[in-house]
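Have a look at the structure below, then the notes.
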Amino acid sequence: MSSVSPDYLEKIKQRVAERREAGDYPPGLENQLDRHYQEILRGFNFFSDEDDLQSLLRRLKSSTAFDATSIETWSPNPLKRMVHRVIAKLTIRQTSGVLSQVQQHANTLNQAFEALILLVDELQVDGGSGQTEILNNRSDLDKRLSAALDRLSLIEAELESLRSK
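Structure follows, in structure tokens:
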């Protein structure tokens with residue numbers, strides 16, 4: 007595999023920065039391309055070691071960083087691009103408030119998922135004994151309910167036979 011020289015990479019980065027400044031590239035282009043790439047991969051249903059709960063939680067955390075700069079204001083039309091940027095600057099206060107609320111919600115969800123994953127890990131470390139106990143209690147309840155229904159059926163059958171005599 008051939009390696010690319012650092013000078014060439016620096017030239018590419020400069021050119022991208024120049025084009026972004028000129029308005030040729032929208033501000034969140036890398037994030038958009040990454041999201042599209044992830045959606046395409048999801049369509050193939052690849053499963054790997056990275057699909058365990060911990061790695062899914064890490065991916066969730068990395069995707070829950072909300073920022074006003076990620077909101078697209080780019081347009082191929084320079085006039086529309088300018089209008090979008092002006093509107094973005096005029097509404098930054100409201101946008102920041104909404105993004106703050108969404109970030110708080112995402113943080114709370116992340117904490118809840120972390121707690122659930124810890125609980126699942128503890129159940130797995132226990133060798134499933136906690137889960138087995140829950141299932142045993144459930145099956146014990148099912149047995150008791152089944153026995154009670156059987157007794158009820160017998161009593162109803164006896165009542166029916168007494169009525170028919």
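Residue numbers (our numbering): 7 to 171.
For each residue, glycine too, the CB sits at the ideal point set by N, CA and C.
For TYR31, no alpha helix (DSSP H) encloses it, and the DSSP letter there is neither H nor E. Taking all protein chains shown into account, THR75 has fewer than 16 neighbouring C-beta atoms within 10 Å of its C-beta and is therefore exposed.
Per the coordinates, the alpha-carbon of SER69 lies some 18 Å from the alpha-carbon of ILE123.
Put simply, of HIS42, ARG41, SER106 and ARG87 the residue whose alpha carbon is nearest the alpha carbon of GLU27 is ARG87.
For SER11, there is no enclosing alpha helix (DSSP H), as DSSP marks it with neither H nor E. Using a Cβ-Cβ distance cut-off of 8 Å, the region 150-162 and the region 91-100 are not in contact, since fewer than three pairs of beta carbons, one from each stretch, lie closer than that value. Here THR79 is buried: its Cβ has 16 or more other Cβ atoms, across all protein chains shown, within 10 Å.
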